[in-house]
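Novice: Below is a structure I'd like to ask you about.
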Amino acid sequence: MRETPYEREPGYALRYRDRRFHGGSGAHTDRRERAALRALLAAAGHAAGPWLDAPSGAGRMSDELPGPVVQLDRDRAMLQAAGPGRARVCASAHALPFADGAFAGVLCHRLLQHIPTAVERRDILRELARVSRGVVVVSFFDACSVQHARRLLRRWTGKPRSGRSAVQRSTFLAELRAAGLRPLAVRALRRFVAEQTLVLCQIG
Ligand SMILES: C[S@@+](CC[C@H](N)C(=O)[O-])C[C@H]1O[C@@H](n2cnc3c(N)ncnc32)[C@H](O)[C@@H]1O
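Just so we're aligned, residue 50 is where the sequence shown starts under the working numbering, counting upward by one.
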């Protein structure tokens with residue numbers, strides 16, 4: 050299967066690290082995402098062992114994870130922007146270079162809205178499930194939101210496409226189950242307003 054590309058202009062990784070979530074609505078989103086992730090991690094309880102942050106991007110959410118963190122991203126520039134101090138692996142979420150059950154938990158944050166097809170999402174979700182022996186926290190964009198309606202409106206009025214995809218919550222939960230993940234809790238940043246939604250899952 051051809052993986053959906055994630056092409057960005059030179060310098061994007063440093064801008065993503067230093068500007069995207071600093072100031073304005075980005076800072077609000079960052080605070081809400083951290084709060085949602087903390088709530089789900091608290092509900093999960095902390096099994097001892099390493100966590101995988103995939104994709105880590107520039108490492109924004111890695112500090113939130115319990116235990117030592119391995120950062121994985123397909124983009125070398127993103128991993129460089131994440132800086133030293135943690136294990137960093139350049140690889141695709143489609144083929145994680147780790148043994149089955151290698152991690153106590155896996156975070157997959159802000160990837161799946163860039164993946165337009167259910168088949169590709171399912172392959173990634175299966176890989177996340179394979180390498181976790183505990184929990185997986187994964188985010189998706191909920192189509193039942195004002196933010197998504199605005200995105201559709203922009204598309205219909207001929208504005209440039211953002212490349213983000215959203216799915217109905219029930220559809221995404223079914224995709225999780227089909228990939229061998231059991232959803233335990235869902236946290237939307239702002240249900241029906243914002244698209245961003247996080248799901249805590251157990252294996253099996
Ligand atoms: C929007 S960033 C999210 C980074 C981080 N999780 C966060 O919340 O700030 C999306 C990242 O996904 C990475 N990415 C896209 N497709 C990927 C794939 N198939 N495997 C691994 N990383 C991928 C990109 O390189 C980019 O760093």
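By construction, the Cβ of each residue, glycine as well, lies at the ideal position given by its N, Cα and C atoms. Owing to the predicted nature of the structure, the values given are computational and were not obtained by experimental measurement.
#1: On the CB-based measure, 16 or more other CB atoms within 10 Å of its CB, does Ala-85 come out buried or exposed?
#2: Among Leu-145, Leu-156 and Gly-73, which has the Cα closest to the Cα of Asp-112?
#3: In terms of residue numbering, what span does the beta strand (DSSP E) encompassing Ile-252 cover?
#4: If you follow the alpha helix (DSSP H) that Gly-73 is in, where does it begin and where does it stop?
#5: Would you please state the rounded distance, in angstroms, between the beta carbons of Cys-250 and Val-180? I believe it to be under 8 Å.
#6: So is the beta-carbon of Asp-67 under 6 Å away from any non-hydrogen atom of ligand 1?
#7: Can you check which of these residues, Gly-154, Gln-162, Ala-76 and Gly-60, is closest to Pro-54 by C-alpha distance?
#8: For Asp-67, does the three-state DSSP call read helix, strand or coil?
#9: In terms of residue numbering, what span does the alpha helix (DSSP H) encompassing Arg-221 cover?
#10: Using three-state DSSP, classify Ala-153 as helix, strand or coil.
#11: In or out: Ala-76 buried (at least 16 other Cβ within 10 Å) or exposed?
#12: Going by alpha carbons, who is nearest to Ala-178 out of Ala-153, Ala-198, Pro-59 and Lys-208?
#13: Just to check, is the beta-carbon of Leu-160 closer than 6 Å to a non-hydrogen atom of ligand 1?
#14: Where does Val-119 sit, in a helix, a strand or coil, going by DSSP?
#15: Please work out which residues of its chain come closer than 7 Å, Cβ to Cβ, to Gly-253, disregarding the five sequence neighbours upstream and downstream, and give them in chain order.
#16: Can you check whether the CB of Leu-90 is closer than 7 Å to the CB of Val-119?
#17: Can you tell me whether Tyr-61 sits near ligand 1, meaning its C-beta is under 6 Å from at least one heavy atom of the ligand?
#18: Just to check, is the beta-carbon of Met-50 closer than 6 Å to a non-hydrogen atom of ligand 1?
#19: Compute the distance between the beta-carbons of Asp-122 and Leu-128, then report whether it is under 7 Å.
#20: In whole angstroms, what is the alpha-carbon distance linking Gly-98 and Arg-239?
Specialist: To lay it out plainly:
#1: Residue environment analysis places Ala-85 among the buried positions, since at least 16 neighbouring C-beta atoms fall within 10 angstroms of its C-beta.
#2: The shortest Cα separation from Asp-112 among Leu-145, Leu-156 and Gly-73 belongs to Leu-156.
#3: Element bounds for Ile-252: 245-252.
#4: 73-93 is the extent of the alpha helix (DSSP H) around Gly-73.
#5: Separation of the CB atoms of Cys-250 and Val-180 is rounded to 13 Å, and the pair is thereby denied contact status at 8 Å.
#6: No, the beta carbon of Asp-67 sits no closer than 6 Å to any heavy atom of ligand 1.
#7: When each option's Cα is compared against that of Pro-54, the closest is Gln-162.
#8: Residue state for Asp-67 is assigned as helix, using DSSP reduced to three classes.
#9: Per the sequence shown, the amino acid found at residue 221 is Phe instead of Arg. Unbroken alpha helix (DSSP H) run through Phe-221: 218-227.
#10: In the structure shown, Ala-153 sits in a strand (DSSP, three-state: E or B).
#11: Burial call: exposed.
#12: Of the candidates Ala-153, Ala-198, Pro-59 and Lys-208, the residue whose Cα lies closest to the Cα of Ala-178 is Ala-153.
#13: With a threshold of 6 Å, the Cβ atom of Leu-160 counts as near ligand 1, since some heavy atom of the ligand is closer than that.
#14: Note: Val-119 maps to strand in three-state DSSP.
#15: The residues are Gly-229 and Arg-231.
#16: No. Outside cutoff.
#17: Not one heavy atom of ligand 1 lies closer than 6 Å to the C-beta of Tyr-61.
#18: No, the Cβ of Met-50 stays beyond 6 Å of every heavy atom of ligand 1.
#19: Yes, Cβ-Cβ distance for Asp-122 and Leu-128 is below 7 Å.
#20: When rounded, the distance between both Cα atoms is 31 Å.
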